[in-house]
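Visitor: For any residue, its number in this note's numbering is found by taking its place in the sequence shown, counting from 1, and adding 1.
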Amino acid sequence: MSNGTGVTDTLTQAAETVAGTAKELGTQVVEKASTAVQRARKTASKAKKAVKKTASKAGKAVSKRVAAAKKALADTSAANKKKVAAAKARKAGAKKATKKATKKATKKAAKKATAKKAAPKKATARKAAPKKAAAKKAPARKAVKKAAPAKKATAKKAPAKKKVPARKAAKKK
Numbered sequence: 002m003s004n005g006t007g008v009t010d011t012l013t014q015a016a017e018t019v020a021g022t023a024k025e026l027g028t029q030v031v032e033k034a035s036t037a038v039q040r041a042r043k044t045a046s047k048a049k050k051a052v053k054k055t056a057s058k059a060g061k062a063v064s065k066r067v068a069a070a071k072k073a074l075a076d077t078s079a080a081n082k083k084k085v086a087a088a089k090a091r092k093a094g095a096k097k098a099t100k101k102a103t104k105k106a107t108k109k110a111a112k113k114a115t116a117k118k119a120a121p122k123k124a125t126a127r128k129a130a131p132k133k134a135a136a137k138k139a140p141a142r143k144a145v146k147k148a149a150p151a152k153k154a155t156a157k158k159a160p161a162k163k164k165v166p167a168r169k170a171a172k173k174k
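1) Taking the C-alpha atoms as reference points, what is the distance between K71 and A87?
2) Leaving out five residues before and five after S64 in sequence, what residues of the same chain have Cβ atoms less than 8 Å from its Cβ?
3) Quick one: using the 10 Å Cβ neighbour count with 16 as the cut-off for buried, is A110 buried or exposed?
4) Rounded to whole angstroms, what's the CA-CA distance from N81 to K100? Just pull it up for me.
5) Where K24 and V30 are concerned, what is the direct C-alpha to C-alpha distance, given to the nearest angstrom?
6) What's the gap between the Cα of T92 and the Cα of K112?
Printed below as a string of structure tokens:
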């Protein structure tokens, strides 16, 4: 039985050495794994920081461009509003001028008509009334007809002035 006792001793000794080497290997693996984990964490944190920096830079660049675009749009809209206001003012001035011209033309026509009517009235007092009554009506109609074409002529002149700025704007573009 002494042979059996020696076998068990060698077997236990071999098991102990295997367990010791396994422990050593386990600790080495744990150490290496922990360092790998630490490195991975560091690289992950560095990557996060880099992403944050690039994202903030991109956000700032976008905000600057958006602000510049908004400013440019505001400037152009203000300039266009001024142009529209100026065009409206020109249009209103042209309308006033045409109104004044038509009023003057109608006043002149009315004065001419009244002057022509007044002169035949004096003549009618001297002569027979039935013959001169027909003569009075004819000059009054002619004066009215002459006044109407004058209005059309002034109305045509005003749109011609409006078309000229529109053509200049088309050439600039």
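We put the beta carbon where it would ideally sit given N, CA and C, even for glycine.
Since we're looking at a predicted model, the values are computed, not measured.
Guide: Reading from the atomic positions:
1) 24 Å
2) Excluding the 5 residues flanking it on each side, S64 has no same chain C-beta neighbour closer than 8 Å.
3) With 16 or more other Cβ atoms within 10 Å, it is buried.
4) 28 Å
5) 10 Å
6) The amino acid at residue 92 is misidentified as Thr; the sequence shows Lys. Whole-angstrom Cα-Cα distance: 30 Å.
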